[in-house]
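Shown next, in structure tokens, is the structure this report addresses.
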Amino acid sequence: MDLKDYESLLKKTENVLSKSNLNQQRLQIPDPDIMQEGKVTIVRNFMDIVEVVNRDPKHISKFLMTEFGIGVTINGKRLTINRKISADQISSKIKQYMDSYVTCYECNSPDTEIQKIGRTYVLACKACGAQHPIRIAADVKSDDSTIEEGKQYTVEITKIGNSGEGRAFYRGFNIFVPGVKKGETVRVSIKKLRNNTAIAEVIDREKDLNK
Ligand SMILES: [Zn+2]
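Numbered by our numbering, the letters in the sequence shown go through residues 584 to 794 in order.
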């Protein structure tokens, strides 16, 4: 192999490597920031999610409508769902949407677009060039048996502890939440987790929940 061949091979390899690195960058989909009002669920950061998913918001809302089997409407930056739906259920559906309409079936790159070829909609990948007819991915059930540090959950404060901190019991965990009242339902972010005990910080108070 002469030097020229070697150099061009090196270049090709570098290209492939940098591409595969790119593909490993998984998109960070924001956790749905939800609020429940009576029988409806409002996803307050719907447009932030749409921005990362990078598809037509109407296409995403239509998918959710079909999957949940209920009406959904886009109101500015928010999405209103006509039923009580948990943030985890929404996350799981967004993941399913990504697997169906965004993530390349071959290289997992999110740098794709939907194209219509003849009568067929295909997912065309800009990273690896693969083109595949759209198929709806299987529903991925979210793991709702545990909690994780850094994640957000909606919990009800059922008790006040000895130091005045609120306590919630959720998925088998004893969660300490400072600065809350008994009976309050709050959105919390888990700060520290050890064994079955967690310390959480209030992100949001869902005052309207119990109306
Ligand atoms: Zn690809």
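Glycine residues also receive a C-beta, built at the ideal position from the N, C-alpha and C atoms.
The structure displayed is predicted, hence computed values, not measured ones.
### Message
Tell me which residues share the same chain as D616 and place their Cβ nearer than 6 Å to its Cβ, disregarding the 5 neighbours each side in the sequence.
### Response
Residue mapping note: residue 616 aligns to position 33 of the sequence shown, counting from 1. Cβ within range, chain order: R627 and N628.
### Task
Inspect the beta-carbon positions of L662 and I625 and report whether they are closer than 9 Å.
Here residue 662 refers to the residue found at position 79 when the sequence shown is read from its first residue. Here residue 625 refers to the residue found at position 42 when the sequence shown is read from its first residue. Against a cut-off of 9 Å, the Cβ pair of I625 and L662 comes out as a contact.
### Query
If you pair each beta-carbon of the stretch 761-775 with each one of the stretch 731-741, do three or more pairs fall below 8 Å?
Flag = yes, the stretch 761-775 and the stretch 731-741 touch.
### Task
Along the beta strand (DSSP E) that carries K775, what are the first and last residues, could you check?
For the purposes of this step, residue 775 is taken as the residue at position 192 of the sequence shown. T768 to R777 is the extent of the beta strand (DSSP E) around K775.
### Query
Hey, quick one: how far does the beta strand (DSSP E) through I740 stretch, first residue to last?
On the sequence shown, position 157 is the one that residue 740 refers to. Run containing I740: none; DSSP gives neither H nor E here.
### Query
Hey, which residues come within less than 6 Å of ligand 1, measuring from Cβ to any heavy atom, in chain order?
C687, E689, C690, S692, C708, A710, C711 and A713
### Query
Out of curiosity, what's the CA-to-CA distance linking K622 and G712?
Within the sequence shown, numbered from 1, the residue matching residue 622 stands at position 39. Within the sequence shown, numbered from 1, the residue matching residue 712 stands at position 129. Approximately 45 Å between the Cα atoms of the pair.
### Message
With H, G and I counted as helix, E and B as strand and the rest as coil, what does DSSP make of I673?
### Response
Along the sequence shown, one-based indexing puts residue 673 at 90. Looking at I673 - three-state DSSP - the assignment turns out to be helix.
### Task
Would you mind sorting Q698 into buried or exposed? The rule is 16 or more other CB atoms within 10 Å of its CB.
The sequence position of residue 698 within the sequence shown is 115, counting from 1. Exposed is the call here.
### Query
With burial defined as no fewer than 16 other Cβ atoms inside 10 Å of the residue's Cβ, what is the status of S692: buried or exposed?
In the sequence shown, residue 692 corresponds to position 109, counting from 1. Result: buried.
### Message
Let's see if you can read the secondary structure: which residues bound the alpha helix (DSSP H) around L647?
### Response
Reading the sequence shown from its first residue, position 64 is the one you call residue 647. In the DSSP assignment, L647 falls within the unbroken alpha helix (DSSP H) covering P640 to F651.
#### Entry: Among R666, K660 and P716, nearest to V685 - alpha-carbon criterion
The count along the sequence shown starts at 1 and reaches residue 685 at position 102. Of the candidates R666, K660 and P716, the one whose C-alpha sits nearest the C-alpha of V685 is P716.
### Query
To the nearest whole angstrom, what separates the beta carbons of F646 and Y688, a pair I think is in contact under 8 Å?
Sequence index remark: in the sequence shown, residue 646 carries index 63 (1-based). Sequence index remark: in the sequence shown, residue 688 carries index 105 (1-based). 17 Å between Cβ atoms; not a contact.
### Query
Can you give the Cα-Cα distance for I786 and M630, rounded to whole angstroms?
By one-based count along the sequence shown, residue 786 stands at place 203. By one-based count along the sequence shown, residue 630 stands at place 47. Going from the Cα of I786 to the Cα of M630 covers about 19 Å.
### Message
Using only the alpha-carbon positions, how far apart do G755 and A710 sit?
### Response
Position 172 of the sequence shown, counting from 1, holds the residue named residue 755. Position 127 of the sequence shown, counting from 1, holds the residue named residue 710. Looking at the two C-alpha atoms, the distance is approximately 43 Å.
#### Entry: Alpha-carbon to alpha-carbon, S683 and E732
By 1-based counting over the sequence shown, the position of residue 732 is 149. By 1-based counting over the sequence shown, the position of residue 683 is 100. Approximately 28 Å between the Cα atoms of the pair.
### Query
Would you report the Cα separation of N778 and A670, rounded to the nearest angstrom?
Here residue 778 refers to the residue found at position 195 of the sequence shown. Here residue 670 refers to the residue found at position 87 of the sequence shown. N778 and A670 have their C-alpha atoms some 24 Å from each other.
### Query
Does DSSP classify Y562 as helix, strand or coil?
No statement about residue 562 is possible, as the shown extent of the chain runs from 584 to 794 and does not include it.
### Message
On the CB-based measure, 16 or more other CB atoms within 10 Å of its CB, does T741 come out buried or exposed?
### Response
Within the sequence shown, numbered from 1, the residue matching residue 741 stands at position 158. The residue in question, T741, is exposed, as its Cβ has fewer than 16 Cβ neighbours within 10 Å.
### Query
How many angstroms separate the CA atom of A707 from the CA atom of N665?
Indexing the sequence shown from 1 puts residue 707 at position 124. Indexing the sequence shown from 1 puts residue 665 at position 82. The alpha-carbon atoms of A707 and N665 are separated by roughly 33 Å.
### Message
For N691, would you say it is in contact with chain D, using Cβ-to-Cβ distances shorter than 9 Å as the test?
### Response
Here chain D cannot be found, since the structure has a single protein chain.
### Message
Could you tell me the alpha carbon to alpha carbon distance between K775 and F752, rounded to whole angstroms?
### Response
Residue 775 sits at position 192 when you count from the first residue of the sequence shown. Residue 752 sits at position 169 when you count from the first residue of the sequence shown. Rounded to whole angstroms, K775 to F752 spans 15 Å at the Cα level.
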